[in-house]
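Residue numbers (our numbering), protein chains in the order written: chain A, 18 to 241; chain B, 672 to 1004.
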């Protein structure tokens, strides 16, 4: 089991780092088209959003599949989402604006789409900082409540993407739908149904005995 | 006229002497295209002499896409009147906003091969003395083509410097004899899903329509471009003929034009109708009027790292500001 956990972690590391690696190589080899800076900023933001939604999909996946241990990987995916969001922000500040703080401040204050993106990053910051074992222990039940901010961050990030595009909203709409689905899976009604279904399955398997599996993920798994 | 005097000022030895700009050539169609020695507006295009197209290289085949700048000129030494270097052929032909072929910047270069830019008909309609449908080459034959280096400033805050080839819009408009009612010039892109697959999705209200006030259209800087870098326009750049209005944001410069209509009232234009809060009819480059979602005070010149300040009317203020005297440009953005 331990080996498998490590293997899956390794896969996540590789999968999460590959887009950044490819982007770096393409940037250095000047293969990002006529406006490489825009491409770098855009792709980093895109991956941040994909990873953030992936991390939010882990709890629903756990409920649907009953694969409880999947929650062990949530923190890693979430931290990679934060890493990409940070790289996205840095690419904007350094490559796109070259530390033009006046313009950056004006952007944040006056452009709703930049404000939305920046707020999303700000919301992720405390989540990344409190992702250590020590903070999980210290915060106890409040940790779960705090980390539901990830949904707000994902909503703001999606809005940021939606507001950025000029006319073709197809791709942002896919993100909106994914996010809506994830939120729907969190509603009490759906939760109850999923819990019932899992209980029934477990009872069938155990010959009528109630499953010992927990359905409450608000208490973080011990190895988070 | 002031603007001509300014741009005729020679900059160095290489500059074509005063008067060469009259050396414009007649548009003589594609077959003999390479023999069209570029006509020059000195200063706007400061390199090379326009003397007779004898040094011309063979023209590309009829359906062959041009693969690079023409060979008859040292493009590397060409500068804008502000001494800016040109953006590369690759920049100009691979980074395009032409939603008729997809919304990605590289989509037009990938998808525009489906456009059949010859033969091409152009329809002249509305408040004109000489309406009609013309074959494009016949239509342009009486006109003089010129090479002009212009800055192109996109509303998305990036810019390029591009050596266009084309016919002044005003020459064409005068030839079709606007009536006394004519106050606006409307230009329309081809509508054809087969040739323009991007039109299958209603990203915009097709066909793409743009327009100018008649006095703007008659301004000598407004160009109907048929070429770039000494070549026929590649499809992704709006073949066979597009508008270029260098003091306005790029979206005003409608591509692959099939119809020119003169009107007595302001027509509905595509982007202004799509997002009226964000895109106005005038769309003059103006660093002090921001787009609601981003600043227009600065721009990224493709190929440069740091953003540069955006100039009023994209640097053509001396030439065009009189068109707008007394107008509130914040209101009429």
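Every residue gets a Cβ at the ideal spot worked out from N, C-alpha and C, and that includes glycine. Note that the structure is a prediction, hence the values are computed from the model and not measured.
Taking CB atoms only, residue 97(A) has no neighbour in chain B less than 9 Å away.
Contact annotation for residue 777(B) against chain A: 50 [CB-CB distance below 8 Å, chain order]. Counting along the chain, residue 30(A) sits inside the alpha helix (DSSP H) bounded by residues 19-45. A straight line joining the alpha-carbon of residue 130(A) with that of residue 775(B) spans about 20 Å.
Contacts with chain B at 9 Å (Cβ-Cβ) include residue 128(A).
Under DSSP, residue 928(B) takes part in a beta bridge, and its partners are 860(B). Residue 980(B) carries a strand assignment under DSSP once its states are collapsed to helix, strand and coil. Around the Cβ of residue 923(B), a 10 Å sphere holds 16 or more other Cβ atoms; the residue is buried. The Cβ atoms of residue 755(B) and residue 824(B) lie no closer than 9 Å to each other. Counting every other CB atom within 10 Å of its CB across the protein chains shown gives residue 53(A) a total of 16 or more, marking it as buried. Apart from the 5 residues on each side of it in sequence, residue 802(B) sits with its Cβ closer than 6 Å to the Cβ of 795, 796 in its chain, given in chain order. Spatial neighbours of residue 165(A) in its own chain (CB-CB distance under 7 Å, excluding positions within 5 residues in sequence) are not present. A check of alpha carbon separations from residue 942(B) across 781(B), 790(B), 853(B), 859(B) identifies 859(B) as the nearest.
For residue 875(B), the C-beta contacts it makes with chain A under 9 Å involve 184, in order along the chain.
A straight line joining the alpha-carbon of residue 914(B) with that of residue 1000(B) spans about 22 Å. Look at residue 776(B) here: in three-state DSSP terms it is coil, with no helix or strand label. The residue among 896(B), 880(B), 948(B), 965(B) with its C-alpha nearest the C-alpha of residue 930(B) is 880(B). If you draw a straight line from the Cα of residue 863(B) to the Cα of residue 877(B), it comes to about 9 Å. Nearest Cα to residue 1003(B) within the set 791(B), 959(B), 762(B): 959(B). Against chain B, the beta carbon of residue 123(A) has neighbours under 7 Å at 966, listed in chain order.
In the DSSP assignment, residue 881(B) falls within the beta strand (DSSP E) that extends over 880-884.
Classified as buried, residue 95(A) has 16 or more neighbouring CB atoms from the shown chains inside 10 Å of its CB. Residue 971(B) is bridged by DSSP to 829(B). From the listed residues 161(A), 132(A), 134(A), the smallest Cα separation to residue 144(A) is found for 161(A).
Proximity of chain A to residue 973(B) at the Cβ level (cut-off 8 Å) is accounted for by 51, 52, in chain order.
For residue 857(B), the closest of 994(B), 741(B), 937(B) by C-alpha to C-alpha distance is 937(B).
Look at the segment 761-772 of chain B: the residues with a C-beta under 8 Å from a C-beta of chain A are 761, 762, 765, 766, 770.
Of all residues in the segment 818-830 of chain B, only 829 come within less than 7 Å of chain A when Cβ atoms are compared, listed by chain position. Taking a Cβ-Cβ threshold of 9 Å, the residues of chain B close to residue 120(A) are 966, 968, 969, 978, in chain order. Take residue 207(A), set aside five residues on each side of it, and the residues of its chain with a beta-carbon closer than 8 Å to its own are 201, in chain order. For residue 142(A), the enclosing alpha helix (DSSP H) stretches over residues 129-146. Against residue 945(B), the close residues of chain A are 184, in the order they occur along the chain (beta-carbon pairs closer than 7 Å).
DSSP places residue 84(A) in the coil class of the three-state scheme, outside both helix and strand. Between residue 180(A) and residue 108(A), the beta carbon gap of about 18 Å keeps them out of contact (Cβ cut-off 8 Å). For residue 963(B), at least one C-beta of chain A is nearer than 9 Å to its own C-beta. Against residue 774(B), the close residues of chain A are 182, 183, 184, 185, 187, in the order they occur along the chain (beta-carbon pairs closer than 9 Å).
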